[in-house]
Amino acid sequence: MRIELTSEDDAQVPLSPLIDCVFLLLIFFLVTTMLKFKEKQIPITLPDPTTSLSEDANSDVYVIGIDEKGQYFKVAGANRNGSRKWEKLDDLAAFLNELGKIRGKDRPLQFAADRETPFQTVIKALDIAQLQEYTKVEVKTRNPAK
């Protein structure tokens, strides 16, 4: 059996698929670079390490609890043994607005989130606090109650 070999002049690379690939790559890189401009980051100011060594507890901090279901709670007093009693909040934004009128928005606010709390719920709480113009907000995680 005889195989006919074609001359090397007949071998051609089809340019249409190559041009399509180049345009798709160009569009991909343009879109990904444009997304970087729209990306926003949450400004975080880390505390000085020496401030965490304070032995005095800051009693001026108002604590708002977040459970694993994403529900918000305010402190409603204390039990006989000194542990906090929690009361469920229906609207966090309205509560923070009222709290800001009473205490002022420059006083510390702490979100005590359960370890099982979805991350997005904590971010939503931080966004609400930022929209209400709170300047000193912190997040603390706690072990789930069993």
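Numbering of the sequence shown is given in the numbering used here, commencing with residue 1 and proceeding in unit increments.
Cβ atoms here follow ideal geometry from the backbone N, Cα and C, with glycine treated the same way.
A direct Cα-to-Cα measurement between PHE73 and ASN97 gives close to 15 Å. Contiguous beta strand (DSSP E) elements confined to the segment 86–130 occur at 109–114, taking only those with 3 or more residues. When only Cα atoms are considered, GLY70 and ILE123 end up about 11 Å apart. Straight-line measurement puts the Cα of THR141 at about 14 Å from the Cα of GLN120.
For the options THR33, PHE28, GLN130 and VAL13, the alpha carbon positioned closest to that of GLY100 is the one of GLN130. By the CB criterion at 8 Å, LEU92 and ALA125 fall inside the cutoff.
Within the DSSP bridge table, the entry for TYR134 names no partner.
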